[in-house]
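A.B. asks: Protein chains in written order, with the working numbering: chain Z, 20 to 581; chain W, 7 to 164. Each residue gets a CB set at the ideal place from its N, CA and C atoms; glycine is no exception. Here the structure is a predicted model, which means the values were calculated and not measured. Right, I'll just put the structure down here and ask away after.
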Ligand SMILES: Cc1ncc(C[n+]2csc(CCOP(=O)(O)OP(=O)(O)O)c2C)c(N)n1
Ligand SMILES: [Mg+2]
């Protein structure tokens, strides 16, 4: 039977198991929007294509599936760019589908033509410009395979509109058939042995784990590994929840705004097990001093991460989950039984002396507000954050005890990510509680997606930690530019009035101004069956501490010796 | 230090852009890049000569390998590979100098492929050192233009 290219695309999306697509129509994708009417796939109409890309991202983080966004040519496609870059930096599986001008017009500066294939080349894992209608199913199949396997990432599929309209007979792809793409899954047995030998020899080992653990679904294996070896664990922002933060072995987050004891411990460690991480500069600070006393074991699925930022003694290339299972199997044979009392005691002393804390004076401080959300939220609440101080305070004070619950734009630091990501998460987990913790600056970058929360009756709870500032920038100006504030003020009573704004979208708006009021109001807010937008008026000039200055060394944070 | 990388890539649109973009983005300096079909029309070979600067060679290779269209990447070991480059060079050659220049071209096993009233074009093939030596000799006569293909290379044996 003859169908058109758009119908073949939809058929292939169904074959890939896609149930929801976030998108926005336009001229070049009219054939897709026509074909989707006859499909079981749910289309979520966003209000800006950037929102679609972040929703697909949030959906992917929670569901573990490939998120899909869809946009028209030209401005529709360029509006996806930030979200694609964001997914690329955080290794999130995503397929972005764009229509383009008819292929006979490509290269003529036709109406709404943008070379999205070229524009996105540096920020995708791979991309397709489909020039033959027969190739659509295969290209889409490869796109999903590439996005979702190995180190995940975004894949762009750009299809000119004449190709979407052309007649074809759908032919199911017979596998991805990619000669140049074969991710390594199992770790090399020799490296597994070498790693355990290093653990055996270590007196002060530490696990430094990140997003790779969550992407590979390896939180249980990581926890078992750390428990059986009795090793302290610190995580990156991307890795929060990979290891329960209420376990005494957890040192919380490391890096620029990490805990003093995590940064102290990683500096004094003689063995660093780096698992699903990439030694980002926000984590390592100055690279030459990071882990300089340690043997570094690095487990990652992407061979290009090995030795990229920090030289590594024992690399293990492979999927984190598989490698951890291999390590555990070896441990069955030859267990390691160490109490490491001295090491834990030393870390404990630093923790006692420099706890993660702030001056809680009873005012509604941002940290207190976040703790209150935590206090009243469901145990398995999903938290999407935006970018800034509130993001770091959430990372520091929320306490994530299980994986895939903290959604943060960590690599790109995209203000505007939070609310659409929360919406995407709610589509992935309709029965779970989803909250967004945003800032008064960030929330305004994708505010239009409130309409999506309303029209789809999503019970997301959006907390704006309103400090009247682009707080993180203000903090840097305070600390590094002697408090010469430049363009960082967003006075809380200046426009918009967030409560009225929420109400204009048909959403319940609340304003909370004191600890007592917040404590009292939260149960009702969280129990609401619909979306709620909460303007939380917090103290203004609070700083995120501790802090390693950019370019500084994590070892400088706490100088104490063992 | 200069390194030579040979990459087998799928002959697909955009591959060249991906590779040159990768080098630019990761701040690897390309000295030359050549591409052409192999015995299999679906596969091309690229030979890339790069200057190893901030990033170690391994990192370049691994980043290349990450590209989905790249099938194989090998570093060309200078002792175990052969590399050649073709140079076309146009020099001033008034009648009284022509014989001299012809002699030099012959010595370098090159060919004069065009002669005009005041210039000639010579073709020379060889490794980088040989081309450099030849070019230096031509400086005396006055070089008008130079075009070079960039190096192509294959490993020895097997
Ligand atoms: C799109 C974008 N533009 C600019 C920045 C730079 N930036 C980082 S944090 C920040 C301030 C964020 O303010 P707000 O959302 O109010 O959060 P706060 O720090 O006050 O908690 C800015 C402007 C960014 N990360 N993303
Ligand atoms: Mg703010």
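Got a sec: is the Cβ-Cβ distance from residue 200/Z to anything in chain W below 7 Å?
C.D. replies: Taking Cβ atoms only, chain W reaches closer than 7 Å to residue 200/Z, which makes this a yes.
A.B. asks: I'd like the ranges of any beta strand (DSSP E) spanning at least 3 consecutive residues and lying wholly in the segment 518-575 of chain Z.
C.D. replies: With a minimum length of 3 residues, the continuous beta strand (DSSP E) runs that stay inside the segment 518-575 of chain Z are 527-531 and 551-556.
A.B. asks: Is residue 83/Z near ligand 2, judged by its Cβ being under 6 Å from some heavy atom?
C.D. replies: It does not: the Cβ of residue 83/Z is nowhere closer than 6 Å to a heavy atom of ligand 2.
A.B. asks: Cβ-heavy atom distance between residue 461/Z and ligand 3 below 6 Å?
C.D. replies: By its list of ligands, the structure shown excludes ligand 3, since it contains just ligand 1 and ligand 2.
A.B. asks: Are the CB atoms of residue 40/W and residue 12/W nearer to each other than 7 Å?
C.D. replies: No.
A.B. asks: Show which residues of chain Z have a CB atom less than 8 Å away from the CB atom of residue 65/W.
C.D. replies: Chain Z residues near residue 65/W: 323, 326 and 327.
A.B. asks: How far does the alpha helix (DSSP H) with residue 34/W in it reach, from first residue to last?
C.D. replies: First-last for residue 34/W: undefined, no H or E at that position.
A.B. asks: Using only alpha-carbon positions, find the residue among 113/Z, 263/Z and 246/Z that is nearest to residue 78/Z.
C.D. replies: When only C-alpha atoms are compared, the closest one is 113/Z.
A.B. asks: Under the DSSP definition of a beta bridge, which residues are partnered with residue 491/Z?
C.D. replies: In the DSSP output, where bridge partners are listed per residue, residue 491/Z has none listed.
A.B. asks: Tell me which same chain residues have a C-beta within less than 6 Å of the C-beta of residue 35/Z, skipping the five on either side of it?
C.D. replies: Counting only Cβ-Cβ distances below 6 Å, and skipping sequence neighbours, we find 163.
A.B. asks: Roughly how many whole angstroms lie between the Cα atoms of residue 167/Z and residue 84/Z?
C.D. replies: Computed Cα separation, rounded: 7 Å.
A.B. asks: Please work out which residues of its chain come closer than 8 Å, Cβ to Cβ, to residue 158/Z, disregarding the five sequence neighbours upstream and downstream, and give them in chain order.
C.D. replies: Within the same chain, residue 158/Z has close Cβ partners 147, 149 and 176.
A.B. asks: Determine the chain W residues that contact residue 141/Z at a beta-carbon separation under 7 Å, and present them in chain order.
C.D. replies: Under the 7 Å cutoff, chain W gives 27 and 31.
A.B. asks: Report the start-end ranges of each beta strand (DSSP E) in the segment 119-200 of chain Z that is 3 residues or longer and not cut off at the edges.
C.D. replies: Qualifying beta strand (DSSP E) stretches, in chain order: 145-148, 173-179 and 186-188.
A.B. asks: Tell me the residue span of the alpha helix (DSSP H) that contains residue 360/Z.
C.D. replies: It spans 360-372 - the alpha helix (DSSP H) in which residue 360/Z sits, taken as one unbroken run.
A.B. asks: So what does DSSP say about residue 395/Z, is it helix, strand or coil?
C.D. replies: Reduced to three states, the DSSP call for residue 395/Z is helix.
A.B. asks: Would residue 317/Z count as contacting chain W if we go by Cβ distances under 7 Å?
C.D. replies: No, because no Cβ of chain W sits closer than 7 Å to the Cβ of residue 317/Z.
A.B. asks: Could you pull the DSSP bridge partners for residue 23/Z from this structure?
C.D. replies: Paired residue(s): 186/Z.
A.B. asks: List in chain order: all unbroken beta strand (DSSP E) runs of 3+ residues lying wholly within the segment 33-114 of chain Z.
C.D. replies: Counting whole runs of 3 or more residues, the segment 33-114 of chain Z contains the beta strand (DSSP E) stretches 39-42, 61-64 and 86-90.
A.B. asks: Would you identify the three-state DSSP class for residue 86/W, choosing helix, strand or coil?
C.D. replies: In this structure, residue 86/W counts as helix in the three-state DSSP scheme.
A.B. asks: Classify residue 57/Z: buried if its beta carbon has 16 or more other beta carbons within 10 angstroms, exposed otherwise.
C.D. replies: Answer is exposed; the Cβ neighbour count stays below 16.
A.B. asks: Evaluate residue 48/W with the Cβ neighbour count: other Cβ atoms within 10 Å of its Cβ, from every protein chain shown; 16 or more gives buried, anything less gives exposed.
C.D. replies: So residue 48/W counts as exposed.
A.B. asks: Would residue 126/W and residue 99/W qualify as a contact pair, given that the criterion is a beta-carbon distance under 7 Å?
C.D. replies: Yes, these two residues count as a Cβ contact at 7 Å.
A.B. asks: Can you grab the Cα-Cα spacing for the pair residue 74/W / residue 142/Z, in whole Å?
C.D. replies: So the alpha carbons of these two residues sit roughly 14 Å apart.
A.B. asks: Could you tell me the alpha carbon to alpha carbon distance between residue 436/Z and residue 67/Z, rounded to whole angstroms?
C.D. replies: C-alpha separation (whole angstroms): 12 Å.
A.B. asks: What do you reckon, is the C-beta of residue 562/Z under 6 Å from a heavy atom of ligand 2?
C.D. replies: Because no heavy atom of ligand 2 lies under 6 Å away, the Cβ of residue 562/Z does not count as near it: no.
A.B. asks: Report yes if the CB atom of residue 395/Z is closer than 7 Å to the CB atom of residue 542/Z, and no otherwise.
C.D. replies: Going by C-beta atoms, residue 395/Z is nearer than 7 Å to residue 542/Z.
A.B. asks: Can you check whether the C-beta of residue 58/W is within less than 7 Å of a C-beta belonging to chain Z?
C.D. replies: False, the Cβ-Cβ gap to chain Z never drops below 7 Å.
A.B. asks: With 7 Å set as the bound, which would you pick, yes or no: does the beta-carbon of residue 74/W sit closer than that to a beta-carbon of chain Z?
C.D. replies: Closer than 7 Å: yes.
A.B. asks: By DSSP, does residue 416/Z sit in helix, in strand, or in coil?
C.D. replies: Residue 416/Z falls in the helix class under three-state DSSP.
A.B. asks: So that I know if they touch, is there some Cβ in chain Z lying closer than 7 Å to that of residue 69/W?
C.D. replies: Judged by the 7 Å Cβ criterion, residue 69/W is in contact with chain Z.
A.B. asks: Determine, for residue 36/W, whether the minimum Cβ-Cβ distance to residues of chain Z falls below 7 Å.
C.D. replies: Closer than 7 Å: no.
A.B. asks: Quick check: is any heavy atom of ligand 1 less than 6 Å from the C-beta of residue 86/Z?
C.D. replies: Checking every heavy atom of ligand 1 against the Cβ of residue 86/Z, none is found closer than 6 Å.
A.B. asks: Could you tell me if residue 57/W is buried or exposed, where buried requires 16 or more neighbouring beta carbons within 10 angstroms of its beta carbon?
C.D. replies: So residue 57/W counts as exposed.
A.B. asks: Cutting at 7 Å between CB atoms, please list the residues of its own chain near residue 608/Z, excluding the five before and the five after it.
C.D. replies: One cannot answer for residue 608/Z here, as it falls past the ends of chain Z, which runs 20 to 581.
A.B. asks: Starting from the C-beta of residue 522/Z, find all residues in its chain whose C-beta is less than 8 Å away, skip the five residues before and the five after it, and write them out in chain order.
C.D. replies: Excluding sequence neighbours, residue 522/Z sits near 528.
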